Amino acid sequence: IIALKPDIIITCAYGQIIPQDVLATPPYGCINVHASLLPKLRGGSPIHHAIINGYEETGITIMYMDEKMDNGDIISQKAIPIEVDDNVETLHDKLSIIGSQLLLSTLPEIIKGTNKRIKQNLNEVTYAYNIKSEDEFLDFNNTSLNVYNKIRGLNPFPGSRAILDNKSIKIYESKIGKTNNFKALPGEIINVYKDGIGIKTSDGEIIITKIQIAGKQKMLVKDYLNGINKELLLNQKFI
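So the sequence shown is residues 11 to 249, counted in the working numbering.
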């Protein structure tokens, strides 16, 4: 890269630390396009964590790169709302458009030297660590909203996960139910609907509507229910 003598280096979702000798090479600097409103959600999975954590907005940050991950001065930012039905794919697509537009409007300022350089507030730093396999598991002891947010925050990749009858099931889509069975324990199946399976949470019900059984393709729960005895599902427990 140094031998190419670049005027500017731009990365997006790169996820690696750039060596100092490379950072010092381009006269207009090394620029990163990051999918969060820094200093919130530094790291490799900002879109996932924004949804999982129930953020109402996120956005794009264009920043100078330095020797630490997502630590450099902020040049420009653009915020967008997170809709209640957004998942990782839909929010990624929205941010991709916003990011390209913001980069195109910011580059002329960088070249002219008129751009802003705003230090990140270290007291407001949060992290969006890469999703590990153990992070995929749902905890039905959480509220229905928290479970709903985690399901959509891992959809379509890597997918959230739960165990039923010793079988791993990936869960991709859900909706919050209205039933609250106070006798049931979190994780127990309390309702079987035409299009979903109602599972007890700490404060109510989450209805899962799209799943993937191990070794099979993704399917709507209404199609899954066509091939089984629905009555046998009641009172079984997801763990």
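Positions of the beta carbon are idealized from the N, C-alpha and C atoms, including for glycine.
Since the structure is predicted, the reported quantities are computational estimates derived from the model, not experimental observations.
By Cβ distance below 8 Å, which residues in the same chain neighbour residue i in space, the five residues on each side in sequence not counted?
{"i": "Glu67", "result": "Leu47, Ala89, Ile90, Pro91 and Ile92"}
{"i": "Gly64", "result": "Leu155, Asn156 and Asn159"}
{"i": "Ile141", "result": "Ser55, His58, Leu164 and Pro168"}
{"i": "Thr21", "result": "Ile28, Cys40, Ile41, Asn42, Val43 and Met75"}
{"i": "Gly62", "result": "First, the amino acid is wrong: residue 62 is Ile here, not Gly. Cβ within range, chain order: Asn159, Lys160, Gly163 and Leu164."}
Can you tell me whether residue i is helix, strand or coil according to DSSP?
{"i": "Lys232", "result": "helix"}
{"i": "Ala23", "result": "coil"}
{"i": "Tyr137", "result": "strand"}
{"i": "Ala89", "result": "strand"}
{"i": "Gly109", "result": "helix"}
{"i": "Ile11", "result": "coil"}
{"i": "Asn159", "result": "helix"}
{"i": "Thr252", "result": "Here the chain covers residues 11 to 249 and nothing more, so residue 252 does not appear."}
{"i": "Ile249", "result": "coil"}
{"i": "Val94", "result": "coil"}
{"i": "Ile128", "result": "strand"}
{"i": "Lys193", "result": "coil"}
If you drop the 5 nearest sequence neighbours on each side, which residues of the same chain put their C-beta closer than 7 Å to that of residue i?
{"i": "Ile128", "result": "Asp83 and Ile84"}
{"i": "Ile12", "result": "Asp31, Val32 and Thr35"}
{"i": "Phe150", "result": "Val157, Pro196, Gly197, Ile209, Lys210, Thr211 and Phe248"}
{"i": "Leu243", "result": "Ile199, Val202 and Ile207"}
{"i": "Ile121", "result": "Tyr38"}
{"i": "Ala60", "result": "Ser46, Leu51, Thr68 and Ile92"}
{"i": "Glu216", "result": "In the sequence as presented, Glu is not what sits at residue 216; that position holds Ile. Correct list, in chain order: Ser154, Val157, Tyr158, Ser184, Ile186, Gly187 and Ile209."}
{"i": "His102", "result": "Ile57"}
Starting from residue i, follow its DSSP beta bridges and name the residues at the other end.
{"i": "Met73", "result": "Asn42 and Ile84"}
{"i": "Ser184", "result": "Ile218"}
{"i": "Ile179", "result": "Ala172 and Ile223"}
{"i": "Val202", "result": "Ile207"}
{"i": "Phe147", "result": "Arg171"}
Let me make sure I understand the geometry here. Which of the options has the alpha-carbon closest to that of residue i?
{"i": "Met73", "options": "Gln130, Lys232, Thr124 and Thr35", "result": "Gln130"}
{"i": "Leu112", "options": "Asp205, Thr71 and Thr189", "result": "Thr71"}
{"i": "Ile107", "options": "Ser143, Val43 and Gln26", "result": "Val43"}
{"i": "Pro56", "options": "Leu105, Ile18 and Thr21", "result": "Leu105"}
{"i": "Ser178", "options": "Ile186, Glu146 and Phe167", "result": "Glu146"}
{"i": "Lys232", "options": "Lys226, Gly225, Glu241 and Ile221", "result": "Ile221"}
{"i": "Gln26", "options": "Lys126, Lys15, Cys40 and Ile18", "result": "Cys40"}
{"i": "Ile238", "options": "Ser170, Lys204, Arg171 and Thr116", "result": "Lys204"}
{"i": "Met79", "options": "Asn245, Leu101, Ala23 and Ser115", "result": "Ala23"}
{"i": "Ile28", "options": "Leu14, Pro16, Ile62 and Glu77", "result": "Glu77"}
{"i": "Asn97", "options": "Asn236, Met229, Pro168 and Ile223", "result": "Pro168"}
{"i": "Asp17", "options": "Leu148, Lys228, Leu117 and Asn245", "result": "Leu117"}
{"i": "Gln87", "options": "Ile62, Val94, Asp95 and Lys126", "result": "Lys126"}
{"i": "Asn245", "options": "Thr124, Ala172, Asn191 and Ile19", "result": "Asn191"}
{"i": "Ser170", "options": "Ala224, Thr124 and Thr189", "result": "Ala224"}
{"i": "Glu144", "options": "Ala172, Asn152 and Thr124", "result": "Ala172"}
Here's a check: name, in chain order, each residue in its chain whose Cβ is nearer than 6 Å to the Cβ of residue i, leaving out the five neighbours to either side.
{"i": "Ala45", "result": "Pro56, Ile57 and Leu105"}
{"i": "Glu99", "result": "Pro166"}
Compare the C-beta of residue i with all C-beta atoms of chain C and state if any pair is closer than 8 Å.
{"i": "Gln227", "result": "Among the protein chains of the structure shown there is no chain C, as only one such chain exists."}
Stretch pair the region 182-189 + the region 156-172: three plus CB contacts closer than 8 Å = Segments in contact, yes.
For the region 126-146 and the region 35-55, state whether three or more C-beta atom pairs, one from each stretch, are separated by less than 8 Å.
-> Between the region 126-146 and the region 35-55, the count of Cβ pairs shorter than 8 Å is three or higher; the stretches touch.
Say whether the region 210-223 touches the region 186-202, bearing in mind that this needs 3 or more beta-carbon pairs closer than 8 Å, one atom from each stretch.
-> Yes, they touch.
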